[in-house]
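Numbering follows the numbering used here, in which position 106 of the sequence shown is assigned residue number 1379; successive positions increment by one, without gaps. Here a beta-carbon is modelled for each residue, glycine too, at the ideal position from N, C-alpha and C. Here is the structure we will look at.
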Amino acid sequence: MDLLNNHVSIRKFQNKEISDDLLKSIIYSGTRASTTGNMQLYSVVVTKEAEMREKLAPMHFNQPVAKNAPVLLTFVADFNRFSKWCEYNNAEPGYNNFLSFTTAAIDALLVAQNVCVAAENNGLAICYLGTTTYNAKGIIELMELPKLCFPITSVALGYPDENPDLTDRIPVEGVIHNERYVDYSEVTIRELYAFKEGLESSKQFVAENKKETLAQVFTDVRYKKADNEFFSQSMLEVLKEQGFLV
1274 MDLLNNHVSI RKFQNKEISD DLLKSIIYSG TRASTTGNMQ LYSVVVTKEA
1324 EMREKLAPMH FNQPVAKNAP VLLTFVADFN RFSKWCEYNN AEPGYNNFLS
1374 FTTAAIDALL VAQNVCVAAE NNGLAICYLG TTTYNAKGII ELMELPKLCF
1424 PITSVALGYP DENPDLTDRI PVEGVIHNER YVDYSEVTIR ELYAFKEGLE
1474 SSKQFVAENK KETLAQVFTD VRYKKADNEF FSQSMLEVLK EQGFLV
């Protein structure tokens, strides 16, 4: 519990290599995650070479962590491998659809989180890169991913070279619903987000971006509607190209 409760994202890593045995062990722990029907609908692409990290960096909006981490793991929703197994055994696969993509995406994310916990349990640190799906097409081309494969998330991995404070979270009561979903009143919303809004770092964030509220930083700067619509359309097009949408 302490390991989970003290998790922080690390963006600065020591210049220290991760042994192949340790990396394989960590990924093995990932494969012990729950998986739909025991089909294991995922693959993990390991990137260690500096040249390849340089090529991947633009896909992650040139975040320094994407280039500076000793290892970058790309978790792929993969129905290619299972479909080939079906075909080689006189079984007709029917996985070229959105439900199958969603199933494989869930499998890949479960594995990714297991890998992260295993890594931290071995003294390593991690940082999720939420940019993977934004530029999926470029990653697919660079990694030569076949049809029925789609990159879901990436994780920077290495030995930590910083010790940041815990990131704020809304109270756990704010995410728990007993038996049925109870919608949030304005009073409840303001109570849940009061601590986050009151942090000095949040106030500085608002001031730096010349906004009135922290919420406006998210809607107008960080995760804008126009960007969401653009990348949504791009993602749908790539899913079609990869065979998950007709």
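Quick one: what does DSSP say residue i is sitting in, helix, strand or coil?
i: residue 1431; result: strand
i: residue 1348; result: strand
i: residue 1424; result: strand
i: residue 1398; result: strand
i: residue 1445; result: helix
i: residue 1478; result: helix
i: residue 1317; result: strand
i: residue 1286; result: strand
i: residue 1459; result: helix
i: residue 1305; result: coil
So residue i packs on residue j, CB below 8 angstroms; how close in whole Å?
i: residue 1379; j: residue 1389; result: Rounded, the Cβ-Cβ distance is 16 angstroms, inconsistent with contact.
i: residue 1396; j: residue 1432; result: 7 angstroms
i: residue 1326; j: residue 1306; result: With a Cβ gap of about 26 angstroms, residue 1326 and residue 1306 do not count as contacting.
i: residue 1430; j: residue 1331; result: Not confirmed; about 20 angstroms, so no contact.
Could you say which of the options lies nearest to residue i if we only look at CA atoms?
i: residue 1313; options: 1385, 1333, 1323; result: 1385
i: residue 1309; options: 1434, 1474, 1467, 1350; result: 1350
i: residue 1315; options: 1474, 1448, 1373; result: 1373
i: residue 1335; options: 1496, 1404, 1394; result: 1404
i: residue 1514; options: 1448, 1409, 1485; result: 1409
i: residue 1473; options: 1464, 1487, 1392; result: 1487
i: residue 1446; options: 1377, 1417, 1462, 1281; result: 1462
i: residue 1301; options: 1480, 1476, 1458, 1392; result: 1392
i: residue 1465; options: 1311, 1442, 1493; result: 1442
Given a threshold of 16 other Cβ atoms within 10 Å of its Cβ, counted over all protein chains shown, does residue i qualify as buried or as exposed?
i: residue 1345; result: buried
i: residue 1365; result: exposed
i: residue 1407; result: buried
Using a Cβ cut-off of 8 angstroms (strictly closer), state whether residue i contacts chain C.
i: residue 1357; result: This model lacks chain C altogether, as it is built from one protein chain only.
Which residues does DSSP list as the beta-bridge partners of residue i?
i: residue 1503; result: Partner(s): none; residue 1503 has no beta bridge.
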